[in-house]
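K.L.:
Here it is, the structure, as structure tokens.
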DNA sequence: TATCTTTGCATCGTGAACGATATAAATTAT
DNA sequence: ATAATTTATATCGTTCACGATGCAAAGATA
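Chains as they are written, first to last, in the numbering used here: chain G, 1 to 144; chain A, 145 to 288.
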């Protein structure tokens, strides 16, 4: 038996699991808004700055168009945003929020606080949280 | 603009992203073995202890049968394992490694070291790594 | 024994991820 | 200006993740 192949020794398995559990925890909060977690990420990008191209959003979320395009199409069907072909550059697709998409921000504004409360609210110190965030940023930058 | 809805403030987005990047980083190592990352997790569970039920594996990976059954069926088609109906309990499905599955451990044994090298190898201290692992365990236990 | 409930697994449908490939517009090179 | 290359999206196929549902075996209750 190879010790290093034990599940308990693996950081990656922990990250994989905690990410799934977090996504599940978001569901009851996002379901009423008609959003999935990845769609919520797209909405956050657009709430921060409207009228971005598919590429802009992709760079922000580190996702390629093979993931984004079908997702944006679904969100367009839901009436959250519209996709218009670029004026200056005919290759680009510009993504803009609809009124429905804009108004959704108001309903979403308490979700972050609600989520933090849910987990690290009581069990985790701010120091522990910050060192985790830094550690993850180190990982992300190291492999980008 | 709601400050708390900014992407940069979100631990979850970091976890989501780093998990995707890690899975991508595994690919070149796992492709030669004919495994995906989730399949690699299943193999680690079985290398640690052969002949487990679908439920055993699921509890270990915190995955339900709606994810595991199709995955195990694919792995059975690849000849990595066999699924036999339970003898004592007729409801259970027992998962056992084939010779091919057993021999694969030898080829996989250097993957963990290779992966650690890839990221935190140089950029991350052991202390930082440990505090991350503890932080994630705290999160996982807090929301399970 | 007959019925009810629980348990273990399978199936289905939808929404991601992502490698591979395609396509048209824009840019560069010849 | 024509051809070659790059860029921005889109499409396709496969694998996961997961809620919902189905079903048969096992266990509990009447």
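Even for Gly, the Cβ is constructed at its ideal location relative to N, Cα and C.
Return the residue from the list 197/A, 145/A, 241/A, 256/A that minimises the CA-CA distance to residue 233/A.
P.N.:
Here residue 233/A corresponds to residue number 89 of the second chain, with the count starting at 1. Here the closest residue by C-alpha is 197/A.
K.L.:
Report all residues from its chain with a CB closer than 8 Å to the CB of residue 86/G; omit the five preceding and five following residues, and keep chain order.
P.N.:
For the purposes of this step, residue 86/G is taken as residue 86 along the first chain, with counting starting at 1. Result list for residue 86/G: 53, 92, 93, 94, in chain order.
K.L.:
Taking Cβ positions only, does residue 281/A come closer than 8 Å to chain G?
P.N.:
Position 137 of the second chain holds residue 281/A. Yes, its Cβ sits closer than 8 Å to a Cβ of chain G.
K.L.:
Measuring CA to CA, which of 245/A, 272/A, 210/A, 276/A is closest to residue 191/A?
P.N.:
The sequence position of residue 191/A within the second chain is 47, counting from 1. Answer by Cα proximity: 245/A.
K.L.:
List the DSSP bridge partners of residue 52/G.
P.N.:
For the purposes of this step, residue 52/G is taken as residue 52 along the first chain, with counting starting at 1. Answer is 95/G, bridged to residue 52/G.
K.L.:
Counting only beta-carbon atoms, is residue 28/G nearer than 8 Å to chain A?
P.N.:
As a working mapping, residue 28/G is identified with position 28 in the first chain. So, not an interface residue.
K.L.:
Check for me: the beta strand (DSSP E) holding residue 36/G runs from which residue to which?
P.N.:
As a first step, residue 36/G is located in the first chain; it is residue number 36 there, counting from the start. First-last for residue 36/G: undefined, no H or E at that position.
K.L.:
List the residues that DSSP assigns as beta-bridge partners of residue 82/G.
P.N.:
Translated into the one-based positions of the first chain, residue 82/G becomes position 82. 96/G, per the DSSP bridge assignment.
K.L.:
Which residues of chain A have a Cβ atom closer than 8 Å to the Cβ of residue 21/G, listed in chain order?
P.N.:
Position 21 of the first chain, counting from 1, holds the residue named residue 21/G. Near residue 21/G (Cβ distances below 8 Å), the residues of chain A are 206, 283, 284, 287, 288.
K.L.:
Could you spell out the range, first to last residue, of the alpha helix (DSSP H) harbouring residue 154/A?
P.N.:
Translated into positions along the second chain, residue 154/A becomes position 10. No alpha helix (DSSP H) holds residue 154/A; DSSP gives it neither H nor E.
K.L.:
Express the C-alpha separation of residue 124/G and residue 281/A in angstroms, rounding to a whole number.
P.N.:
Numbered from 1 along the second chain, position 137 holds the residue referred to as residue 281/A. Numbered from 1 along the first chain, position 124 holds the residue referred to as residue 124/G. Computed Cα separation, rounded: 11 Å.
K.L.:
Going by C-alpha distance, which of 107/G, 132/G, 135/G is nearest residue 32/G?
P.N.:
Stepping through the first chain from its first residue, residue 32/G is reached at position 32. When each option's Cα is compared against that of residue 32/G, the closest is 107/G.
K.L.:
So, is residue 211/A buried or exposed, given that buried needs 16 or more other C-beta atoms within 10 angstroms?
P.N.:
Here residue 211/A refers to the residue found at position 67 when the second chain is read from its first residue. Result: exposed.
K.L.:
List, from N- to C-terminal side, the alpha helix (DSSP H) runs of 4 residues or more that fit wholly inside the stretch 255 to 280 of chain A.
P.N.:
Runs found: 255 to 262, 264 to 267.
K.L.:
For the alpha helix (DSSP H) that contains residue 212/A, what are its first and last residues?
P.N.:
One-based indexing of the second chain puts residue 212/A at position 68. Per DSSP, residue 212/A belongs to the alpha helix (DSSP H) from 209 to 221.
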